[in-house]
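One structure is given below, encoded as structure tokens.
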Amino acid sequence: MILQELYDLAIRERLVPDPDFELKPIAWRVYIDRNGHLLNIAGTHYKVPIESKSKTKNKAESKPKFKVLAKQFLVPRDGGRTSGDRAFFFYDKAEYVFGLDVPGEKNPREPERLKLRRSLFYERVRQCAEETGDEAAQKLAAFLKSAAAGGEPIDLASLPEKVAANDLFAFVYQPDIDILMTDREKIRNYWKQSRSREDAAPVSAVRQCLVTGNDCTHIGLFPGLKKVPGGSTSGVGLVSFNAKAFESYGWHSNENAPVCREAAEAVATALNRLIDTSPIDPNDPSRLLPRQNVTLSSDTLTCYWTRGQNEFCDQIFGLLEADPERVGELYRSIWKGEEISDLEDDKFYALTLSGTQGRAILRDWFESTIAKVQKNLSQHFKDLNIKRNNKASEDRPVLRFKFLLEAVADPSQKDRSDTIPGHVASGMLNAAFNGLPYPATVLQRAVARYRCEIGKCSDEKEGWLTRERNDARAALIKAYLSRKKNNGSEDRIRFMEVKEHMDPNNKNSGYLLGRLMAVLEKLQVEALQSEQDEQGETGQEDAAAETGKKRISRTINSTIVDRFFSGASATPKAVFPRLLINSKHHEKKLRDKDPGRMRNYQQYIDEILFHFSVNRYNNQLHKFAEGFPQFLNLDDQGLFIIGYHHMRHW
Numbered sequence: 003m004i005l006q007e008l009y010d011l012a013i014r015e016r017l018v019p020d021p022d023f024e025l026k027p028i029a030w031r032v033y034i035d036r037n038g039h040l041l042n043i044a045g046t047h048y049k050v051p052i053e054s055k056s057k058t059k060n061k062a063e064s065k066p067k068f069k070v071l072a073k074q075f076l077v078p079r080d081g082g083r084t085s086g087d088r089a090f091f092f093y094d095k096a097e098y099v100f101g102l103d104v105p106g107e108k109n110p111r112e113p114e115r116l117k118l119r120r121s122l123f124y125e126r127v128r129q130c131a132e133e134t135g136d137e138a139a140q141k142l143a144a145f146l147k148s149a150a151a152g153g154e155p156i157d158l159a160s161l162p163e164k165v166a167a168n169d170l171f172a173f174v175y176q177p178d179i180d181i182l183m184t185d186r187e188k189i190r191n192y193w194k195q196s197r198s199r200e201d202a203a204p205v206s207a208v209r210q211c212l213v214t215g216n217d218c219t220h221i222g223l224f225p226g227l228k229k230v231p232g233g234s235t236s237g238v239g240l241v242s243f244n245a246k247a248f249e250s251y252g253w254h255s256n257e258n259a260p261v262c263r264e265a266a267e268a269v270a271t272a273l274n275r276l277i278d279t280s281p282i283d284p285n286d287p288s289r290l291l292p293r294q295n296v297t298l299s300s301d302t303l304t305c306y307w308t309r310g311q312n313e314f315c316d317q318i319f320g321l322l323e324a325d326p327e328r329v330g331e332l333y334r335s336i337w338k339g340e341e342i343s344d345l346e347d348d349k350f351y352a353l354t355l356s357g358t359q360g361r362a363i364l365r366d367w368f369e370s371t372i373a374k375v376q377k378n379l380s381q382h383f384k385d386l387n388i389k390r391n392n393k394a395s396e397d398r399p400v401l402r403f404k405f406l407l408e409a410v411a412d413p414s415q416k417d418r419s420d421t422i423p424g425h426v427a428s429g430m431l432n433a434a435f436n437g438l439p440y441p442a443t444v445l446q447r448a449v450a451r452y453r454c455e456i457g458k459c460s461d462e463k464e465g466w467l468t469r470e471r472n473d474a475r476a477a478l479i480k481a482y483l484s485r486k487k488n489n490g491s492e493d494r495i496r497f498m499e500v501k502e503h504m505d506p507n508n509k510n511s512g513y514l515l516g517r518l519m520a521v522l523e524k525l526q527v528e529a530l531q532s533e534q535d536e537q538g539e540t541g542q543e544d545a546a547a548e549t550g551k552k553r554i555s556r557t558i559n560s561t562i563v564d565r566f567f568s569g570a571s572a573t574p575k576a577v578f579p580r581l582l583i584n585s586k587h588h589e590k591k592l593r594d595k596d597p598g599r600m601r602n603y604q605q606y607i608d609e610i611l612f613h614f615s616v617n618r619y620n621n622q623l624h625k626f627a628e629g630f631p632q633f634l635n636l637d638d639q640g641l642f643i644i645g646y647h648h649m650r651h652w
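Using my numbering, the first residue of the sequence shown is number 3, and each one after it goes up by one.
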């Protein structure tokens with residue numbers, strides 16, 4: 003089913019205009035004159051802007067960044083290379099074309115190995131020149147022969163300075179100006195005929211293609227998929243068999259899953275188009291096709307497509323990235339949780355892949371319709387909608403999907419996308435597309451990371467980023483609990499619907515205790531700040547006063563939340579009684595400065611404690627603790643964070 007839909011996509015969008023040719027980045031064009039001599043080697047590189055990954059708070063401070071790409075050309079589709087030596091047809095790397103390792107090569111080849119590879123490339127050109135009589139092929143064969151014999155000296159100094167190990171070289175005949183030799187009619191026809199002869203070769207058995215239903219006379223290796231996150235740069239296979247355990251009934255290699263060469267190449271081309279972040283239109287290499295994928299982590303990516311040409315599919319990346327510049331005015335309402343009624347009911351497909359050395363891992367396959375996906379995405383953003391405490395993030399309408407994943411990732415690596423588990427990432431996106439509950443690991447990770455990193459919110463350099471991540475974690479907790487309540491969970495009656503803002507009607511124990519934590523923290527900060535202001539007004543400048551100011555500043559930077567948040571959210575009975583007793587000292591300090599504010603805090607605290615039947619004016623600690631729950635389960639711990647998050651903003 004998956005391969006058939008990808009094959010249909012390739013046919014529908016004409017991604018394979020000529021099955022014998024494919025787009026490849028040719029970094030250097032080598033010009034040969036009419037006498038078979040080297041004219042020059044010219045690069046095809048151009049710059050494209052890339053989004054900065056800098057964590058700079060001020061966008062004006064970040065410098066624009068660019069990446070250098072090689073221009074794409076249609077060249078003969080010549081399969082892939084394994085561990086053996088094999089030259090491509092009329093284009094290849096420097097070690098095959100010139101018999102040279104590029105400067106800075108980490109693993110230089112032996113001279114005999116380079117000589118062998120050079121001869122393999124020359125032999126393919128020579129055979130073509132002899133059979134076709136093409137003038138350009140003959141001149142190129144003469145040039146390669148002369149260069150190998152030393153008559154046309156090609157050394158490291160002849161190569162461009164910035165040539166890379168994987169750069170591809172192709173040849174241009176001077177009279178053709180900028181047309182590659184493989185575009186000449188005789189050479190093209192020769193290549194097509196050689197491919198036809200391979201398909202017509204006698205085979206031991208005929209298989210039926212699983213994609214087209216036609217007879218397979220040639221079942222080779224599945225073409226490699228490039229740019230799969232986590233995969234090797236040479237490409238990974240979607241269909242592959244590399245061990246005896248995967249073979250049966252005497253069928254070897256890919257005969258176990260017979261896919262004819264035409265279908266395999268079409269499927270691989272369609273997938274490479276979907277995986278590429280900047281896909282080139284094979285019918286017009288100067289034009290880019292819309293991006294239809296989203297990177298979930300360092301080794302996981304989801305690509306999506308529809309059966310027809312649908313504008314909504316082109317908007318999904320911008321919607322998930324919260325980028326208003328990529329999203330049309332019509333579709334921005336999805337961020338507000340609103341539905342679009344006039345969308346076509348077209349088929350929608352999504353495929354999640356991870357890469358390893360040699361093969362691709364299929365993590366998820368999703369089928370639906372455009373209307374259902376749009377409705378589910380609207381609900382996804384509605385569930386995530388929560389008041390954000392970090393004012394530095396007001397430039398984006400919603401939280402980016404990848405940032406949500408990074409917020410629950412392991413911070414052991416500098417780039418958090420390296421530690422996002424593939425199953426968590428794919429599970430979250432599947433829930434967004436399918437309207438299903440989010441994976442339970444999302445709640446576990448969001449609660450754990452919020453508690454562990456809340457102490458970094460006051461950091462001068464990274465505090466704003468931590469607050470942004472805590473906004474994301476609170477949004478994920480809210481979304482998880484909302485989905486759990488609205489999707490038939492057994493616990494749906496136990497807690498109320500979680501709202502965007504502070505909800506005074508929510509009587510859940512975890513939510514109330516989270517609110518209480520925020521009030522006690524605010525009381526402490528204002529009390530210590532008032533003491534600091536009072537000392538500043540006295541004008542004392544002796545060493546003792548200065549030491550006192552520094553001590554108070556340090557105390558404010560380390561609040562009760564920094565020290566007791568984790569324990570209070572898990573075992574409130576063991577933490578809150580002492581916090582409330584200590585809060586009386588903060589009330590006393592604030593009373594002298596602003597008695598009205600102090601009475602407001604007392605009222606907030608008393609209103610919350612009423613629901614636990616706690617008398618905070620009772621100084622007997624064991625009686626003081628009787629009304630608090632001994633522990634909170636994971637759902638209530640999540641509500642504790644939501645209550646704290648809401649009350650802190652309120």
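The beta carbon of each residue, even a glycine, is placed where N, CA and C say it ideally should be. As the structure is a prediction and not an experimental result, all values here were calculated from the model.
- Take the alpha-carbon of glycine 569 and the one of lysine 509: they are about 21 angstroms apart.
- Per DSSP, aspartate 169 has no beta bridge partner at all.
- Its chain contains Asp564 as the residues whose beta carbon lies nearer than 6 angstroms to that of glycine 457, once the 5 sequence neighbours on both sides are disregarded; these appear in chain order.
- Three or more beta-carbon pairs drawn from the segment 208-218 and the segment 255-275 are found closer than 8 angstroms, and the two stretches are therefore classed as touching.
- Scanning the segment 274-311 for uninterrupted beta strand (DSSP E) segments of 3 residues or longer gives 286-290, 295-299 and 302-308, listed from N- to C-terminal end.
- Per DSSP, the beta-bridge partners of lysine 49 are Val70.
- The beta-carbon distance between valine 410 and arginine 447, rounded to whole angstroms, is 4 angstroms. This is short enough to meet the 8 angstroms contact definition.
- Each residue's CA atom was taken as its position, placing phenylalanine 383 and proline 162 some 50 angstroms apart.
- Out of Leu515, Thr561 and Pro506, the CA that lies nearest to the CA of valine 527 is found in Thr561.
- It is roughly 7 angstroms from the alpha-carbon of lysine 229 to the alpha-carbon of threonine 235.
- In the structure shown, valine 616 adopts coil according to DSSP, grouped into three states.
- By the Cβ-count criterion, glutamine 294 is buried, with 16 or more other Cβ atoms from all chains shown falling within 10 Å of its own Cβ.
- Exposure of leucine 332 is indicated by the presence of fewer than 16 other C-beta atoms within 10 angstroms of its C-beta.
- DSSP, reduced to helix, strand and coil, places phenylalanine 243 outside both helices and strands of the structure shown, so it counts as coil.
- Per DSSP, leucine 364 is one residue of the beta strand (DSSP E) stretching across 362-371.
- When rounded, the separation of the alpha-carbon atoms in leucine 641 and phenylalanine 614 is 16 angstroms.
- Ranking Phe23, Ala72, Lys188 and Tyr452 by CA distance to the CA of asparagine 168 puts Ala72 first.
- DSSP places alanine 474 in the helix class (H, G or I) of the three-state scheme.
- For isoleucine 282 against leucine 290, the beta-carbon gap comes to about 7 angstroms, under 8 angstroms, which counts as contact.
- DSSP, read as helix, strand or coil, puts serine 460 in coil.
- Bridge pairing for leucine 41: absent [DSSP].
- At least 8 angstroms separates the beta-carbon of leucine 636 from that of leucine 483.
- The Cβ-Cβ distance between threonine 308 and isoleucine 221 does not fall below 8 angstroms.
- In the DSSP assignment, the residues bridged to lysine 26 are Phe75.
- Counting C-beta atoms within 10 angstroms of its own C-beta, valine 50 has fewer than 16 neighbours from the protein chains shown and is therefore classed as exposed.
- Looking at the DSSP output, glutamine 210 bridges to Asp217.
- Put simply, the backbone Cα of valine 77 is about 11 angstroms away from that of arginine 186.
- In the DSSP assignment, the residues bridged to lysine 349 are Thr371.
- No residue range can be given for alanine 89, since it is assigned to no alpha helix (DSSP H) and is classified by DSSP as neither H nor E.
- The secondary-structure analysis by DSSP pairs threonine 354 across a beta bridge with Thr304 and Asp366.
- Under the three-state reduction of DSSP output, tyrosine 482 falls in the helix class.
- Cβ neighbours of leucine 611 within its own chain (closer than 7 angstroms, five residues either side excluded): Arg618.
- Looking at the DSSP output, isoleucine 34 sits in a beta bridge with Leu40 and Tyr175.
- Under the criterion of beta carbons closer than 8 angstroms, alanine 352 and phenylalanine 403 do not qualify as touching, at roughly 13 angstroms.
- In this structure threonine 304 is in contact with threonine 354, their Cβ atoms being roughly 4 angstroms apart against a cut-off of 8 angstroms.
- Asparagine 602 and isoleucine 583 have their alpha carbons spaced roughly 17 angstroms apart.
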